[in-house]
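**Student:** Same order as they appear, the protein sequences are chains A and B. Letter 347 of the first sequence, counting from 1, is numbered 347 in our numbering, and no numbers are missing. Letter 193 of the second sequence, counting from 1, is numbered 1193 in our numbering, and no numbers are missing.
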Amino acid sequence: MPIPHRRFDALILGAGGAGLNAALRLASADLRVAVVSKVFPTRSHTVAAQGGVNAALANVLPDDWHWHMFDTVKGSDYLGDQDAIEYMCREAIPTVYELEHAGVPFSRLDTGKIYQRAFGGQSQNFGGDQAVRTCAAADRTGHAILHTLYQQNVRARSHFFDEYFAIDLIRDDEGAILGALVLEIETGEPLVIEAKATLIATGGYGQVFRTTTNAFINTGDGMAMALRAGVPLQDMEFYQFHPTGVAGKGMLITEGARGEGGFLVNADGERFMERYAPRALDLASRDVVARSMVTEIREGRGCGPDKDHVLLKLDHLGPAVVHQRLPGITDICRVFLGIDPAEQPIPVFPTAHYAMGGIPTDRYARVVAPARHGPEEVVPGLYAAGECACVSVHGANRLGGNSLLDILVFGRAAGTDILRYVAENPNHRPLREDYLEPAIARLQRWDRTGTGESVHVIKADLRKLMEDHCGVFRDQETMAAGVEKLKALRARVDGVRLRDHSRTFNTARIEALELDNLVDVGMATILSALYREESRGAHSRIDHPTRDDEHWMRHSLYSRADDRMDYKPVRTKPLTVESFPPKPRVY
Amino acid sequence: MKISVYRYHPETDSKPHMQTFEIEERPGMMLREALLEIKVQDETFAFRHSCGEGVCGSDGMNVNGRNCLACITPIAELKQPIEVRPFPGRPVVRDLVVDMSQFYEQYRNVQPYLVRKDPLPEQEILQSPADREKLDGLYECILCGCCSTSCPSFWWNPDKFHGPAALLQSWRFLADSRDQATDERLDDLEGPYKLFRCHTIMNCVEVCPKGLNPTKAIGHIKDLMLERSV
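#1: Who does A371(A) pair with in a DSSP beta bridge?
#2: Exposed or buried, which one is S44(A) when buried takes at least 16 other CB atoms within 10 Å?
#3: According to a CB-to-CB cut-off of less than 9 Å, which residues of the stretch 1134-1147 of chain B neighbour chain A?
#4: Taking its Cβ as the centre, do 16 or more other Cβ atoms sit within 10 Å of K464(A), making it buried, or is it exposed?
#5: Could you tell me whether any Cβ in chain A is nearer than 8 Å to the Cβ of L1035(B)?
#6: What's the C-alpha gap between N1157(B) and I418(A)?
#7: Could you give the first and the last residue of the continuous beta strand (DSSP E) run that contains C1068(B)?
#8: What do you get for R1228(B), buried or exposed, if any count of 16 or more other CB atoms within 10 angstroms of its CB means buried?
#9: According to the neighbour-count rule (16 or more other Cβ atoms, all chains shown, within 10 Å of its Cβ), is V586(A) buried or exposed?
#10: Hey, out of L20(A), A423(A), G495(A), whose CA is closest to R448(A)'s CA?
#11: Excluding five sequence neighbours on each side, which residues of the same chain lie with their C-beta closer than 7 Å to the C-beta of V570(A)?
#12: Near N1213(B), which residues of its chain fall below 6 Å by C-beta distance, leaving aside the five closest residues on each side in sequence?
#13: Would you grab the beta carbon distance between L178(A) and L408(A) for me? Rounded to a whole angstrom, and I think it's under 8 Å.
#14: Mapping DSSP to helix, strand and coil, what is Y1008(B)?
#15: Can you name the residues that DSSP bridges to F160(A)?
#16: Could you name the residues that DSSP lists as bridge partners for T202(A)?
#17: Starting from H1017(B), trace the beta strand (DSSP E) both ways and give me its first and last residue.
#18: Just the C-alpha distance for A29(A) and H1199(B), rounded to the nearest angstrom, thanks.
#19: Here's a check: name, in chain order, each residue in its chain whose Cβ is nearer than 7 Å to the Cβ of N506(A), leaving out the five neighbours to either side.
#20: Would DSSP call F165(A) helix, strand or coil?
#21: What are the boundary residues of the beta strand (DSSP E) that N59(A) is part of?
#22: Candidates G381(A), R258(A), L227(A): which alpha carbon is nearest Q130(A)'s?
#23: At what residues does the alpha helix (DSSP H) containing E184(A) begin and finish?
#24: Quick one: Cα of A491(A) to Cα of A180(A), how far?
#25: If contact is defined by three or more beta carbon pairs under 8 Å, each pair taking one atom from either stretch, is the stretch 32-42 of chain A in contact with the stretch 59-73 of chain A?
#26: Should R1085(B) be flagged as near chain A, meaning a C-beta pair shorter than 8 Å?
#27: What residues match up with I170(A) in a beta bridge as DSSP calls it?
#28: Determine the DSSP secondary structure at E194(A), reduced to helix, strand or coil.
#29: Within its chain, find whatever has a CB closer than 8 Å to the CB of H428(A); leave out the 5 residues flanking it on each side and keep chain order.
#30: With DSSP as the reference, identify every bridge partner of Y558(A), one or two as the case may be.
#31: Do the stretch 374-388 of chain A and the stretch 312-329 of chain A touch if we need at least three Cβ pairs shorter than 8 Å?
#32: Would you say Y354(A) reaches chain B, if we count a Cβ-Cβ gap shorter than 8 Å as a contact?
#33: Locate the beta strand (DSSP E) running through Q240(A), then write down its first and last residues.
#34: Counting only beta-carbon atoms, is E1206(B) nearer than 8 Å to chain A?
#35: Would you check if the distance between the CB atom of A1217(B) and the CB atom of L1168(B) is smaller than 8 Å?
#36: Could you name the residues of the stretch 138-159 of chain A whose beta carbon sits closer than 7 Å to any beta carbon of chain B, in the order they occur along the chain?
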């Protein structure tokens, strides 16, 4: 039976903050826009973001977008592209006001202005005193933003395909993207969605690690789709381990907990960040704090019977601050630990949290890949924004509060550029049926019957492998062994068989399709990490402990064909201001 | 430990049945983890879930006769044998997965977005902390559906009565000092069904996994309507 086709001006894969902000821009301009999401939009993982979104509003202390830019460049360990960073930090201010106008229930200061709190890596005046830049709705900022964006899309009448899973992009002979093959989860029926422009906004891939703050749905679907469409992934070795995941469980405890005055202690009760970051203390960059914690534990100063975590202390702040400013954290501690954080410290350990790398784009969110004329040729009709993309504004380490900002600013930028693109390319490109074949083959592969390993066994092996071989501290030997293991695991995937071949809401099939994606992004991560022989941001090599700007101030590009690595230069020239040259990074 | 789960597959089953699985209980185990272990034993078992910490609202279900989120429901607090069923009153798609489209439709029907008629300021619209506090207990809704699918009025009239979740959101915008569509919102709620089918049975308050109080919100809307009519 032929697969039905539907046509839209724009197709958006993913309904988190980036996808919804792009959709809002497009639907408000009366474009026909289809938003495909494998879960109902408000279930997207943006909902779990806690602490807030950075913007130099100066509601509490003096601030300037230029200071925000400096902090972001420094936080990126000088791997971020300074044109994109300047754009993001300037746009942050109108973006947050726009969100507020859209209805986000931000917490408020006595002046009636948006509440802002201190977060890690923030400074006034280019490295001076702590800044207060993170706009918050209690500790549920992601929830507040995601729901508001969905609500505004309801008003704008965006067309949603809820609970549809994207199988693959559709690419023509010239490399242009024509839309995607998607699967309606409830019926198991495939559908071709043709679009003049396609935005990938599918979020991160934390499920590749065993312990993660990420949700079950964060399986790198869009990144893997890009890989299979011949687009490389950029800077995948830079994976952020959030300092304060609940030890052994993974639930996120916002950096805002330290922003409100919380701090970390080791088994001796010592506030150990005083030794690692004498100035910024517990609000140093996340990579710095995570490494310090692991070092404390390795040197035998971990807490608990197994000395395998440290403690986050909030009890000195008093119940009023803890319960009012951090109600979500209070809930998590009560439900999962049976403690009140206003009375007892929280056991924490660095936990897989965020991908700095992803699909390479320019600051208009257009996907760029190496082609005949250089390393950054635009892929016609393809956009990416949010965690799945690499603009790169986060470089080697993302600052807290910059991820919600990234999805909003570049989701909107994608919408704006898609408007231009669709105006210039008013017709759908012809779609030949044979363009669909790779995507259909990927779907049909899971119809194979017989005996074989099951999806959950391979997935569990993969997650353990990545945790053991590609964690906070890395070295050649461990990672090379990891790559060999992952190649062997990748070969095993072909022998996996589903027992459930039914159509209706077959979650086993969806998890199998997700496994393919996880394996691809896992390989991109560990291979990129193995090749980068320096320590920068979140990528810490025991065998190459220092940053090497001469050889490695460049972006990695991993391609799926032959597991190839390429490199391209960092864009050090901002749009209007002076470049920030690389300096030693101290907090 | 035994867990009995509701099974129904429309392609093979003429009617639903309960199936019991044996699970090894671990300290601190949540119901979602137990269901994932069932999924390992039998991959045909279907249920929705994602964040695992009670913020995405995917894994609402009926457990021992009460609606809850599986990911924040400790096994240790449940009376055994545990019986897990889909939300009551919704068409079952498969196993624990129900069709929630009518629930979402009711949400969309209450204009769940801020309406501002005045020209927008260059910066934020000011709001005092006291006014902002009026949104606490309202904006935190995660649209899991535990409340509406435990409400008898919603069971009988899901097409006409908006249900507690949608009405909570209606009040969330009526209570927002920034919103300027009070009259339109109240006009839209006139009539015997949309709002007034609430008979304060309060199942919604009982089950809300976020501790919210839709009945109270509905009461506030009724008061506001009364105020307006006199």
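All C-beta atoms in this analysis are idealised placements derived from N, C-alpha and C, irrespective of residue type, glycine included.
**Tutor:** This is what the structure holds:
#1: Under DSSP, the beta-bridge partners assigned to A371(A) are G374(A).
#2: When all chains shown are included, S44(A) counts as buried.
#3: So the close ones are L1135, D1136, L1138, Y1139, E1140, C1141, I1142, L1143.
#4: Exposed.
#5: Answer no: the Cβ-Cβ gap between L1035(B) and chain A never drops below 8 Å.
#6: Cα to Cα, N1157(B) sits roughly 43 Å from I418(A).
#7: 1066-1069 is the extent of the beta strand (DSSP E) around C1068(B).
#8: Classification of R1228(B): exposed, given that the 10 Å Cβ count is below 16.
#9: By the 10 Å Cβ count, V586(A) comes out exposed.
#10: Measuring C-alpha to C-alpha distances from R448(A) to each of L20(A), A423(A), G495(A) identifies G495(A) as the nearest.
#11: These residues qualify, in order along the chain: L79, D81, M553, R554, H555.
#12: Only V1205 meet the Cβ criterion.
#13: Under the criterion of beta carbons closer than 8 Å, L178(A) and L408(A) do not qualify as touching, at roughly 28 Å.
#14: When secondary structure is reduced to three states using DSSP, Y1008(B) falls in the coil class, being assigned neither helix nor strand.
#15: F160(A) is bridged by DSSP to V35(A).
#16: According to DSSP, which records beta bridges pairwise, T202(A) is partnered with nothing at all.
#17: Taken as a continuous stretch (DSSP letters only), the beta strand (DSSP E) holding H1017(B) covers 1017-1022.
#18: Taking the Cα positions, A29(A) is about 43 Å away from H1199(B).
#19: Listed in chain order, the non-local C-beta contacts of N506(A) below 7 Å within the same chain comprise G188, D500, local neighbours out to five positions each way being set aside.
#20: When secondary structure is reduced to three states using DSSP, F165(A) falls in the strand class.
#21: Careful: N59(A) lies outside any beta strand (DSSP E) and carries neither H nor E.
#22: That would be R258(A), whose Cα lies nearest to the Cα of Q130(A).
#23: First-last for E184(A): 177-184, but that is the beta strand (DSSP E), not the alpha helix (DSSP H).
#24: Cα atoms of A491(A) and A180(A): separation of roughly 26 Å, rounded to the nearest angstrom.
#25: Judged by Cβ distances under 8 Å, the stretch 59-73 of chain A makes no contact with the stretch 32-42 of chain A, as fewer than three pairs qualify.
#26: Taking a beta-carbon distance threshold of 8 Å, R1085(B) does not count as an interface residue toward chain A.
#27: Under DSSP, the beta-bridge partners assigned to I170(A) are G179(A).
#28: The three-state secondary structure of E194(A), taken from DSSP, is strand.
#29: Around H428(A): R7, L178, E194, A195, K196.
#30: Answer is L233(A), M565(A).
#31: Output reads no: the stretch 312-329 of chain A does not touch the stretch 374-388 of chain A.
#32: Taking Cβ atoms only, chain B never reaches closer than 8 Å to Y354(A), which makes this a no.
#33: 239-246 is the extent of the beta strand (DSSP E) around Q240(A).
#34: Closer than 8 Å: no.
#35: Closer than 8 Å, so yes.
#36: Close to chain B, meaning a Cβ-Cβ distance shorter than 7 Å, are the following residues of the stretch 138-159 of chain A: R140, H143, A144, Q151, Q152, V154, R155.
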